[in-house]
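Residue numbers (our numbering): 5 to 603.
The beta carbon of each residue, even a glycine, is placed where N, CA and C say it ideally should be.
The structure appears right after this line, and notes come after that.
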Ligand code: BGC
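This is the structure in structure tokens:
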């Protein structure tokens, strides 16, 4: 893709030129593709050597120009070269893709080779606002905690990158939507930035921010792409940690007519991983006596997240009379026992309770599992009966972000001793998880060092889907389950410096084929009511604490030119839907050769 954009002069050009040196040659635009000559130092008779001491400066140099233009110029030096909405250029009708010398990965499950998905099956790719939009301070947006963290918390991000620009989709979305259409992708699962719409979290609405999403929704519709929208994906307005419901109502009232599916929250399970180490307790004011975080903070976070979800769900269905399906996305994985012992079986069930069960109220009686209550006691807030009634049934389908698998074992000192001691390092889950099989071999190929938690385990997703609907939450069976995220980060992808090395992403392609086949097997052979699949991610983006260097994209993003290039995994994904989807949005152009059949 080559968006029609004028790269501005001055600092922006400097930025582009220096970064181009590291970009694959020939794929940049708006600049030259040859590296700038190294500066040579000449002894210049006009200057003598000196020692600088900024501390002794008595004043600042007068700036000659205090105009809006000068200020904009200064910000241009800091932020992206592209800072206005780019008009799309025509997409190619044929993309470069894998050939017969190394064809795509063959099918994993031969029994489902001819299985078809129904025409109403939802499928597509996913992203999150903070991870792709860039334009961090543009057009009235307020800062979110994830603007704050990379800038102010030293080494919080592995590569010290920020999400200030990332894939810059705030300005490039028209080209991105045209690309989705050109690739034949049916749906796009994206998120709205709360601090862009309401900069202080509460208070006035930012007209420019909402006008952006107005245009985005219209453009998505014009391209024939279905919108699957998550209202909150971790980018909490820095100004507050509450007032979510008002924001949710505003967005739903404005965009409901464009949206196919709503998610209120992305992975509330992250309350657990964020709040025991709650960094903001020292860097920002903390509320409600949470202090420096810990277990109490994690479970308060989960409590209010679930209440906020249920309140929005009930308002949407009963007051607003909304008709679109609504749920929230769960971060959870298939857990196998480390041995056949009863203690390890209990460890498995505790991991499930402390992940899925914690937010399982919509599928049960609206309350927490007994194992959480008995372990946590007063650390776990209680719901009133009215709140339980509101939570119960407050999801139209189950949404699983199921990336990997884990092995669980009882802790060395035993589950009971751990559960009775809130200072135990394994408290409150009181189960230890690992990524090696009981025989000591790893559970699958590992991902990038920035995503060490992620192992490619396609064999886990099929039994896991069955477990959720047949055993853990039987109420899901009739409502259906969507695999709302799954994806892989190829090891050391960011160290490749030619496009050729980057595009054949074998581990991700293999992961895609393995997961898709196993998800289909769960549906076609095991009778699990899977109703949708979304791959993470539409393209490379800002991977939270791992920064820009850990790549999850089915498309590569050249961070200098911002061009997007489909990787082999994208064709693996598209070929699969072409083969199995009844919805034939996928075009002929994406077909790439598939390898020999497995025996
Ligand atoms: C999150 C994404 C994240 C992805 C890969 C998911 O759990 O929703 O924001 O980028 O995992 O780590």
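Tell me which same chain residues have a C-beta within less than 7 Å of the C-beta of residue 136, skipping the five on either side of it? Numbered from its first residue, the chain shown carries residue 136 at position 132. Only 170, 171, 173, 545 meet the Cβ criterion.
Contact between the region 115 to 122 and the region 525 to 533 (3+ Cβ pairs under 8 Å): Under the three-pair Cβ rule at 8 Å, the region 115 to 122 counts as touching the region 525 to 533.
Find the nearest neighbour of residue 416 within the set 503, 254, 348, judged by alpha-carbon distance. The sequence position of residue 416 within the chain shown is 412, counting from 1. Cα-wise, what sits closest to residue 416 is 348.
From residue 501 to residue 71, what does the alpha carbon distance come to, in whole angstroms? Residue 501 sits at position 497 when you count from the first residue of the chain shown. Residue 71 sits at position 67 when you count from the first residue of the chain shown. If I take the Cα positions, the gap works out to 40 Å.
Quick check on residue 355: buried or exposed, where buried means 16 or more other Cβ atoms within 10 Å of its Cβ? As a working note, residue 355 is residue 351 in the chain shown. By the neighbour-count rule (16 or more Cβ atoms within 10 Å), residue 355 is buried.
With a cut-off of 8 Å, do at least 3 Cβ pairs link the region 225 to 242 to the region 188 to 205? Proximity of the region 225 to 242 to the region 188 to 205 meets the contact definition, three or more beta-carbon pairs being nearer than 8 Å.
How is residue 319 classed by DSSP in three states: helix, strand or coil? As a working mapping, residue 319 is identified with position 315 in the chain shown. If DSSP states are grouped into helix, strand and coil, residue 319 belongs with the helices.
Run through DSSP, which three-state label would residue 211 get? Taking the chain shown and counting its residues from 1, one reaches residue 211 at position 207. Note: residue 211 maps to helix in three-state DSSP.
Look at the alpha carbon of residue 571 and the alpha carbon of residue 98, and state the distance between them as a whole number of angstroms. The sequence position of residue 571 within the chain shown is 567, counting from 1. The sequence position of residue 98 within the chain shown is 94, counting from 1. Residue 571 and residue 98: Cα-Cα distance of roughly 14 Å.
Going by DSSP, which residues form a beta bridge with residue 405? By one-based count along the chain shown, residue 405 stands at place 401. Bridge partners of residue 405 according to DSSP: 335, 489.
Using a Cβ-based criterion (distance less than 7 Å to any ligand heavy atom), does residue 135 qualify as near the ligand BGC? For this step, residue 135 is matched to residue 131 along the chain shown. Yes, the ligand BGC has a heavy atom inside 7 Å of this Cβ.
What residue ranges within the region 402 to 455 form continuous beta strand (DSSP E) runs of no fewer than 3 residues, ordered along the chain? Complete beta strand (DSSP E) runs here, min 3: 402 to 405, 409 to 413, 436 to 438.
For the ligand BGC, is there a heavy atom less than 7 Å away from the beta-carbon of residue 73? For the purposes of this step, residue 73 is identified with residue 69 of the chain shown, where counting begins at 1. For residue 73, the shortest separation between its Cβ and any heavy atom of the ligand BGC does not lie below 7 Å.
What residues match up with residue 464 in a beta bridge as DSSP calls it? Within the chain shown, residue 464 is the residue found at index 460, counting from 1. DSSP output for residue 464 lists no bridge partner at all.
Quick one: measure Cβ to Cβ for residue 490 and residue 451, integer angstroms, because I've assumed they're closer than 8 Å. Position 486 of the chain shown holds residue 490. Position 447 of the chain shown holds residue 451. Residue 490 to residue 451, Cβ: 12 Å. No contact.
Tell me the rounded alpha-carbon separation between residue 506 and residue 560. Translated into the one-based positions of the chain shown, residue 506 becomes position 502. Translated into the one-based positions of the chain shown, residue 560 becomes position 556. Taking the straight line joining both Cα atoms gives about 8 Å.
Beta-carbon separation (whole angstroms), residue 319 vs residue 253, contact threshold 8 Å: What you label residue 319 is simply residue 315 of the chain shown in a count that begins at 1. What you label residue 253 is simply residue 249 of the chain shown in a count that begins at 1. Taking a contact as a CB-CB distance under 8 Å, the pair residue 319 and residue 253 counts as one, their CB atoms being some 7 Å apart.
Every unbroken alpha helix (DSSP H) inside the region 556 to 592 [4 residues or more]: Listed in chain order, the complete alpha helix (DSSP H) runs (minimum 4 residues) inside the region 556 to 592 are 572 to 584.
Per-residue DSSP class, three states only, for residue 40: Taking the chain shown and counting its residues from 1, one reaches residue 40 at position 36. In this predicted model, residue 40 has a pLDDT of only 34, less than 50, meaning its place in the structure is not dependable; the value taken from the coordinates is given anyway. Residue state, collapsed to three classes: coil.
Tell me the DSSP secondary structure of residue 90 in three-state form. Position 86 of the chain shown, counted from the start, is the residue given in the question as residue 90. Residue 90 falls in the coil class under three-state DSSP.
Would you say the beta carbon of residue 556 is closer than 7 Å to some non-hydrogen atom of the ligand BGC? For the purposes of this step, residue 556 is identified with residue 552 of the chain shown, where counting begins at 1. Checking the Cβ of residue 556 against the ligand BGC gives yes.
Ordered along the chain, which non-local residues of its own chain (more than five positions away) have a Cβ less than 7 Å from that of residue 222? Numbered from 1 along the chain shown, position 218 holds the residue referred to as residue 222. Closer than 7 Å at Cβ, skipping near neighbours: no residue.
Please determine, among 554, 404, 454, the residue with the shortest C-alpha to C-alpha distance to residue 533. Along the chain shown, read from residue 1 onward, the residue named residue 533 stands at position 529. Ranked by Cα distance from residue 533, the options 554, 404, 454 are led by 404.
Could you spell out the range, first to last residue, of the alpha helix (DSSP H) harbouring residue 325? Counted from its first residue, the chain shown places residue 325 at position 321. No alpha helix (DSSP H) contains residue 325, which DSSP labels as neither H nor E.
Have a look at 436, 429, 312 and flag the residue whose alpha-carbon is nearest the alpha-carbon of residue 414. Here the question's residue 414 lines up with position 410 in the chain shown. In terms of Cα proximity to residue 414, the closest of 436, 429, 312 is 436.
Residue span of the alpha helix (DSSP H) that contains residue 533, given as start and end: Here the question's residue 533 lines up with position 529 in the chain shown. From DSSP, residue 533 is part of no alpha helix (DSSP H); its letter is neither H nor E.
Helix, strand or coil at residue 379 [DSSP, three-state]: To locate residue 379, count along the chain shown from 1; it is residue 375. Residue 379 falls in the helix class under three-state DSSP.
In DSSP terms, what residue 126 is bridged to: On the chain shown, residue 126 is found 122 positions in, with the first residue counted as 1. Answer is 536.
With respect to 7 Å, is the separation between the Cβ of residue 237 and the closest non-hydrogen atom of the ligand BGC below this value? Mapped onto the chain shown, residue 237 falls at position 233. At a threshold of 7 Å, residue 237 counts as near the ligand BGC, since its beta carbon sits closer than that to one of the ligand's heavy atoms.
In whole angstroms, what is the alpha-carbon distance linking residue 324 and residue 383? Here residue 324 is taken as the residue at index 320 of the chain shown, counted from 1. Here residue 383 is taken as the residue at index 379 of the chain shown, counted from 1. Cα to Cα, the separation comes out at about 35 Å.
How long is the line joining the alpha carbons of residue 328 and residue 504, rounded to whole angstroms? Counting from one through the chain shown, the residue named residue 328 turns up at place 324. Counting from one through the chain shown, the residue named residue 504 turns up at place 500. The alpha-carbon atoms of residue 328 and residue 504 are separated by roughly 42 Å.
Is residue 459 near the ligand BGC, going by C-beta to nearest heavy atom under 7 Å? Along the chain shown, read from residue 1 onward, the residue named residue 459 stands at position 455. It does not: the Cβ of residue 459 is nowhere closer than 7 Å to a heavy atom of the ligand BGC.
Cβ of residue 489 within 7 Å of any heavy atom in the ligand BGC? Position 485 of the chain shown, counted from the start, is the residue given in the question as residue 489. Yes, Cβ of residue 489 sits closer than 7 Å to a heavy atom of the ligand BGC.
The ligand BGC and residue 540: does the residue's C-beta get closer than 7 Å to at least one heavy atom of that ligand? Position 536 of the chain shown, counted from the start, is the residue given in the question as residue 540. Set against 7 Å, the gap from the CB of residue 540 to the closest heavy atom of the ligand BGC is smaller.
Starting from residue 150, trace the alpha helix (DSSP H) in both directions and tell me its first and last residue. Along the chain shown, one-based indexing puts residue 150 at 146. It spans 149 to 156 - the alpha helix (DSSP H) in which residue 150 sits, taken as one unbroken run.
For residue 184 versus residue 192, is the C-beta spacing smaller than 8 Å? Position 180 of the chain shown holds residue 184. Position 188 of the chain shown holds residue 192. Yes; because the gap between Cβ atoms is below 8 Å, this pair is in contact.
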